[in-house]
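Residue numbering for the sequence shown follows my numbering, beginning at 17 and increasing consecutively.
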Amino acid sequence: MSPLLSARGITRYFGDRIACRDVDFDLWPGEVLGVVGESGSGKTTLLNCLAGRLAPDAGAVTYDSMAYGPVEVHALSEARRRLLSRTEWGFVSQDPREGLRMGVSAGANIGERLMAVGARHYGDIRHTALDWLERVEIARDRLDDRPSAYSGGMRQRLQIARNLVSSPRLVFMDEPTGGLDVSVQARILDLLRGLVNTLHLSAVLVTHDLGVARLLTHRLMVMQGGAVVEHGLTDQVLDDPRHAYTQMLVASILPV
17 MSPLLSARGI TRYFGDRIAC RDVDFDLWPG EVLGVVGESG SGKTTLLNCL
67 AGRLAPDAGA VTYDSMAYGP VEVHALSEAR RRLLSRTEWG FVSQDPREGL
117 RMGVSAGANI GERLMAVGAR HYGDIRHTAL DWLERVEIAR DRLDDRPSAY
167 SGGMRQRLQI ARNLVSSPRL VFMDEPTGGL DVSVQARILD LLRGLVNTLH
217 LSAVLVTHDL GVARLLTHRL MVMQGGAVVE HGLTDQVLDD PRHAYTQMLV
267 ASILPV
């Protein structure tokens, strides 16, 4: 079996500052990889490089695509990379307004992804959109409402539906529960955990919350100052951290 996604030597600078340095890893089909660290550790920069949203200054990202086989993500044309992001990939942003079209209905947001993978029959698209609203715990009668009429938690659930309706092979998630109330976070986490297991998704999850990482990921990378300082199975890293920085992160969430 080949890796679904491979990163080799990913490095990115912002001026004189190193945001990401020499990151290497393989992501396997059906695996959820967590990337954790404090703000400024480089985890979101890494995610954007992996997803083709930001070009690295050095290194390569290889994805084993359905359409073309293994491709170097940043060597693709903009059109092919955009097609990949609409069909085989999903991207769940921390702020759902970045991942939704706020000026069209919830049904249209979901339907656009279906049309990107070839759906054309209006009735089938609407039926699938209604089914997905139910899956993410949004009432069916909200299908024709715009996301601007939704609460923050509902927008995040709609963004998840928009990204997963087309059965992507790989999903990038950037702090998907960040900025939400604790009770809303719990519902989103339960939803994501169920969908990841049911759909056998591969995903890269960026989070500063080690509890989220433990619930959703199989393997964990800990970043500090743009570099990966620890990497291993999630429970192993969190229960027996080796690096001083990881030990500090784990200690910070323990009750006093």
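Cβ coordinates follow ideal geometry from the N, Cα and C atoms, glycine included.
Source: prediction; values computed, not measured.
Item	Value
Beta-carbon spacing of S182, R129 below 7 Å	yes
Cβ neighbour criterion (16 or more within 10 Å) applied to Q172	buried
Buried or exposed (CB count within 10 angstroms, at least 16 for buried), N213	exposed
Best match in L159, V133, E54 and G194 for proximity to H143 [C-alpha to C-alpha]	L159
Proximal residues to L66 (C-beta, below 8 Å), its chain only, five neighbours per side dropped	L21, A23, I26, V77, V89, F188 and V220
Residue nearest to E54 in terms of C-alpha spacing, selected from D40, L249, M239 and E246	M239
Touch test, the region 95–114 against the region 225–242, Cβ-Cβ under 8 Å, three pairs minimum	no
Cα-Cα separation, R162 to Q263	44 Å
Residue environment, D80, which counts as buried when at least 16 other CB atoms sit within 10 Å	buried
Contacts around G123, its chain only, beta-carbon distance under 7 Å, and the 5 residues preceding and following it disregarded	R142, A145, L159 and D160
Length of the line joining the Cα atoms of D256 and A135	48 Å
Closer than 7 Å to chain B by CB, A145	The question asks about chain B, but that chain is absent: this structure has only one protein chain.
F300 classed as buried or exposed, judged by whether at least 16 other C-beta atoms fall within 10 angstroms	With the chain covering only 17 through 272, there is no way to say anything about residue 300.
Start and end residues, beta strand (DSSP E) containing E88	G85 to E88
Test item: CB-CB of V48 and L232 under 7 Å	yes
A132 versus L100 - alpha carbon distance	10 Å
Contacts around A74, its chain only, beta-carbon distance under 7 Å, and the 5 residues preceding and following it disregarded	G25 and T27
Contact under 7 Å by Cβ, V152 with D190	no
Three-state secondary structure assigned by DSSP to Y79	strand
Simplified DSSP state of D32, which is helix, strand or coil	coil
Own chain, CB closer than 8 Å to L205, minus 5 neighbours either side, in chain order	T193, V228, L231 and L232
Pairwise C-alpha distance: Y261 and V39	17 Å
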